[in-house]
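Engineer: Here the sequence shown is numbered in this note's numbering, starting from 2 and rising by one per residue. Take a look at the following structure, please.
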Amino acid sequence: MDLRFDSEFSTPEEMKPLQAEINPPEAEASYPDELTNPVELAFPPPEYASPVPSTEEEDARAKRKSVTRAIVSMLAAISIAFVTLGLDPFGLSSSIPMTEKADSSFPILSNREPNGSVPGYGVLDEEYIILETVNGTSEFVFAGAAYGTPDENGNIIPAPLTEKPGISYDEATNTLTLTDFTGSILNVNMMGNGFTLKLVGNNRIDHLLVWGFHYGGSILITGDGSLTVNEDSLLECGIMLRGEESQTCLMIDKNVTLDVYGAKIALFIEESTMDKALFYLKPQSMLGGVRKKGVFTIDETEYEGYTVTDELSVPATYVRFSPE
2 MDLRFDSEFS TPEEMKPLQA EINPPEAEAS YPDELTNPVE LAFPPPEYAS PVPSTEEEDA
62 RAKRKSVTRA IVSMLAAISI AFVTLGLDPF GLSSSIPMTE KADSSFPILS NREPNGSVPG
122 YGVLDEEYII LETVNGTSEF VFAGAAYGTP DENGNIIPAP LTEKPGISYD EATNTLTLTD
182 FTGSILNVNM MGNGFTLKLV GNNRIDHLLV WGFHYGGSIL ITGDGSLTVN EDSLLECGIM
242 LRGEESQTCL MIDKNVTLDV YGAKIALFIE ESTMDKALFY LKPQSMLGGV RKKGVFTIDE
302 TEYEGYTVTD ELSVPATYVR FSPE
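Here it is as structure tokens:
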């Protein structure tokens, strides 16, 4: 599996790499007879039963149980607090219900505008929003000057932009709006940490990919609509944010309904300089696990970043955000 999508775009050659790998459907699982018809275990014969305890023994046993419960309850309470912080010093997280709380606000981020100055590189003019299909064709919804074509006088002719029903970009507000839109892959590069995806109606895409390149690869998903990503789990990852060593986070506004699927992992945020890279506002709720930063093993390969996992730190393959 390659979560990094390392094959090349068809056009133009300078664009960021992306691989939309479609996995064949898994074969239907089969189970041995022992699992479908489990053997019933007989109770121990009466002669092996424990003798009836005395009153003193019952009192002593009750006291021991009371002390044990108090100790376990205390450790469980402490462990829950540590698990909430991403720690598990007692190794009890697998047996404790996982808790998730929505955020009261989004972080204040720098580099909010598209195409700012990148440390060590300057202004690159390489910002874009692309609609990509799984077979490799691509169309610009928005494109920086680097993707234009010089004329005979050296003037840059802007790259042609697609006009499709249900998708539009407002440069003044740095907002891409989807209105009852159905598409394949939405690929975004260096649009800044103020980039907003507004949802109107019901929308469906196969994959969302955002690049930051030392500048900013965040996205705020807002509006009163819904978005379903990779519903058939044809792609290994539904939402991928590649910060490339920049402030990068995924922010879900309070009225959004978002369903994200992945054959291997629903959503993943890598190379972000932020300790916390996934936010959702009250009264939102999240289904699928808890937010966690760390190193995750998928198909025997380790990936470092931020995602949603179960209590065993296994990345979720389905995550849902919805207003309560």
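Just so you know, even glycine gets a beta-carbon here, dropped at the ideal spot from N, CA and C. These numbers come from a predicted model, not from an experiment.
Take residue 250 as the anchor and find which of 308, 136, 167 has the nearest alpha-carbon.
Structural biologist: As a first step, residue 250 is located in the sequence shown; it is residue number 249 there, counting from the start. The shortest C-alpha separation from residue 250 is found at 308.
Engineer: Do the region 203-219 and the region 104-116 meet, that is, are 3 or more Cβ pairs less than 8 Å apart?
Structural biologist: yes
Engineer: Look up residue 208 in the DSSP assignment and give the residues it is bridged to.
Structural biologist: Within the sequence shown, residue 208 is the residue found at index 207, counting from 1. Looking at the DSSP assignment, residue 208 forms a beta bridge with 186.
Engineer: Tell me the residue span of the beta strand (DSSP E) that contains residue 238.
Structural biologist: On the sequence shown, position 237 is the one that residue 238 refers to. Run containing residue 238: 238-247, per the beta strand (DSSP E) assignment.
Engineer: What residue does the beta strand (DSSP E) around residue 277 start on, and which one ends it?
Structural biologist: The residue given as residue 277 occupies position 276 in the sequence shown. Note, residue 277: premise wrong, no beta strand (DSSP E); not H, not E.
Engineer: Run through DSSP, which three-state label would residue 307 get?
Structural biologist: The residue labelled residue 307 in the question sits at position 306 within the sequence shown. Strand.
Engineer: Pick helix, strand or coil for residue 262, following the three-state DSSP scheme.
Structural biologist: Along the sequence shown, one-based indexing puts residue 262 at 261. DSSP places residue 262 in strand when its eight states are reduced to three.
Engineer: Given a cut-off of 9 Å, decide if residue 132 and residue 163 are closer than it, judged by their beta-carbon atoms.
Structural biologist: The residue given as residue 163 occupies position 162 in the sequence shown. The residue given as residue 132 occupies position 131 in the sequence shown. Their beta carbons are under 9 Å apart, which means residue 163 touches residue 132 by this criterion.
Engineer: Could you check the C-alpha separation between residue 92 and residue 135 for me, to the nearest Å?
Structural biologist: In the sequence shown, counting from the first residue as 1, residue 92 sits at position 91. In the sequence shown, counting from the first residue as 1, residue 135 sits at position 134. Only weak support is given to the placement of residue 92: the predicted model assigns it a pLDDT of 47, under 50, and the question is left unresolved by the model.
Engineer: Decide if residue 254 is buried, meaning its Cβ has at least 16 other Cβ atoms within 10 Å, or exposed.
Structural biologist: Taking the first residue of the sequence shown as position 1, residue 254 is located at position 253. Residue 254 comes out buried.
Engineer: Should residue 325 go down as buried or exposed, given a rule of 16 or more other Cβ atoms within 10 Å for buried?
Structural biologist: Stepping through the sequence shown from its first residue, residue 325 is reached at position 324. Exposed is the call here.
Engineer: Which one or two residues does DSSP pair with residue 144 in a beta bridge?
Structural biologist: By one-based count along the sequence shown, residue 144 stands at place 143. Note: residue 144 sits in a beta bridge opposite 129.
Engineer: Along the chain, where does the beta strand (DSSP E) containing residue 192 start, and where does it finish?
Structural biologist: Working through the sequence shown from its first residue, we reach residue 192 at position 191. No beta strand (DSSP E) holds residue 192; DSSP gives it neither H nor E.
Engineer: Give the range of the beta strand (DSSP E) segment to which residue 169 is assigned.
Structural biologist: If you number the sequence shown from 1, residue 169 lands on position 168. 168-171 is the span of the beta strand (DSSP E), which, as asked, contains residue 169.
Engineer: Whole angstroms is fine: what's the gap from residue 194's alpha carbon to residue 248's?
Structural biologist: By one-based count along the sequence shown, residue 194 stands at place 193. By one-based count along the sequence shown, residue 248 stands at place 247. So the alpha carbons of these two residues sit roughly 8 Å apart.
Engineer: Spatial neighbours of residue 225 within its chain, please: CB distance less than 6 Å, with the 5 preceding and 5 following residues excluded, ordered by chain position.
Structural biologist: In the sequence shown, the residue the question calls residue 225 occupies position 224. The residues are 256.
Engineer: Using the three-state DSSP reduction, which class does residue 217 fall into: helix, strand or coil?
Structural biologist: In the sequence shown, counting from the first residue as 1, residue 217 sits at position 216. Reduced to three states, the DSSP call for residue 217 is coil.
Engineer: Return the residue from the list 294, 284, 207 that minimises the CA-CA distance to residue 106.
Structural biologist: On the sequence shown, residue 106 is found 105 positions in, with the first residue counted as 1. Residue 106 has its Cα closest to that of 284, out of 294, 284, 207.
Engineer: Under the three-state reduction of DSSP, which class applies to residue 316: helix, strand or coil?
Structural biologist: Residue 316 sits at position 315 when you count from the first residue of the sequence shown. Looking at residue 316 - three-state DSSP - the assignment turns out to be strand.
Engineer: So, under 8 Å CB-CB, residue 260 and residue 211 are touching, yes? Tell me the CB distance rounded to an integer number of Å.
Structural biologist: Within the sequence shown, residue 260 is the residue found at index 259, counting from 1. Within the sequence shown, residue 211 is the residue found at index 210, counting from 1. About 18 Å separates the two Cβ atoms, so there is no contact after all.
Engineer: Apart from the five residues on each side of it in sequence, which residues of its chain come closer than 6 Å, Cβ to Cβ, to residue 199?
Structural biologist: As a working note, residue 199 is residue 198 in the sequence shown. Here the set comprises 176, 178, 223, 224.
Engineer: On the DSSP bridge list, what partners appear for residue 107?
Structural biologist: As a first step, residue 107 is located in the sequence shown; it is residue number 106 there, counting from the start. Partner(s): none; residue 107 has no beta bridge.
Engineer: By how many angstroms is the C-alpha of residue 184 removed from the C-alpha of residue 206?
Structural biologist: Along the sequence shown, read from residue 1 onward, the residue named residue 206 stands at position 205. Along the sequence shown, read from residue 1 onward, the residue named residue 184 stands at position 183. Going from the Cα of residue 206 to the Cα of residue 184 covers about 5 Å.
Engineer: In whole angstroms, give me the CA-to-CA distance for residue 235 and residue 137.
Structural biologist: Within the sequence shown, numbered from 1, the residue matching residue 235 stands at position 234. Within the sequence shown, numbered from 1, the residue matching residue 137 stands at position 136. Their backbone Cα atoms lie some 15 Å apart in a straight line.
Engineer: For residue 144, which residues in the same chain have their Cβ closer than 6 Å to its Cβ, ignoring the five residues on either side in sequence?
Structural biologist: The sequence position of residue 144 within the sequence shown is 143, counting from 1. Excluding sequence neighbours, residue 144 sits near 129, 160.
Engineer: Any idea which residues DSSP pairs residue 271 with across the strands?
Structural biologist: Stepping through the sequence shown from its first residue, residue 271 is reached at position 270. Looking at the DSSP assignment, residue 271 forms a beta bridge with 243.
Engineer: In chain order, what residues of the same chain lie with their CB nearer than 7 Å to the CB of residue 190, ignoring the 5 residues before and after it?
Structural biologist: Here the question's residue 190 lines up with position 189 in the sequence shown. Once the five neighbours on either side are set aside, the close Cβ partners of residue 190 are 17, 127, 128, 129, 212.
Engineer: I need the DSSP call for residue 227, collapsed to helix, strand or coil.
Structural biologist: Residue 227 sits at position 226 when you count from the first residue of the sequence shown. If DSSP states are grouped into helix, strand and coil, residue 227 belongs with the strands.
Engineer: Could you check the C-alpha separation between residue 102 and residue 288 for me, to the nearest Å?
Structural biologist: Translated into the one-based positions of the sequence shown, residue 102 becomes position 101. Translated into the one-based positions of the sequence shown, residue 288 becomes position 287. Looking at the two C-alpha atoms, the distance is approximately 11 Å.
Engineer: Under a three-way DSSP split, which group does residue 175 fall into?
Structural biologist: Mapped onto the sequence shown, residue 175 falls at position 174. Reduced to three states, the DSSP call for residue 175 is coil.
Engineer: Answer yes or no: do residue 166 and residue 157 have a C-beta to C-beta separation smaller than 9 Å?
Structural biologist: Here the question's residue 166 lines up with position 165 in the sequence shown. Here the question's residue 157 lines up with position 156 in the sequence shown. No; because the gap between Cβ atoms is not below 9 Å, this pair is not in contact.
Engineer: Roughly how far, in whole angstroms, is the beta-carbon of residue 280 from the beta-carbon of residue 306, given that I think they are within contact range, below 8 Å?
Structural biologist: For the purposes of this step, residue 280 is identified with residue 279 of the sequence shown, where counting begins at 1. For the purposes of this step, residue 306 is identified with residue 305 of the sequence shown, where counting begins at 1. Not quite, the Cβ-Cβ distance comes to about 15 Å (not below 8 Å), so this is no contact.
Engineer: Going by DSSP, name the residue or residues bridged to residue 294.
Structural biologist: As a first step, residue 294 is located in the sequence shown; it is residue number 293 there, counting from the start. Residue pairing for residue 294: DSSP places it in a beta bridge opposite 307.
Engineer: What residues are listed by DSSP as bridge partners for residue 118?
Structural biologist: Looking up residue 118 in the sequence shown gives position 117. The partner list for residue 118 (beta bridge, DSSP) reads 124.
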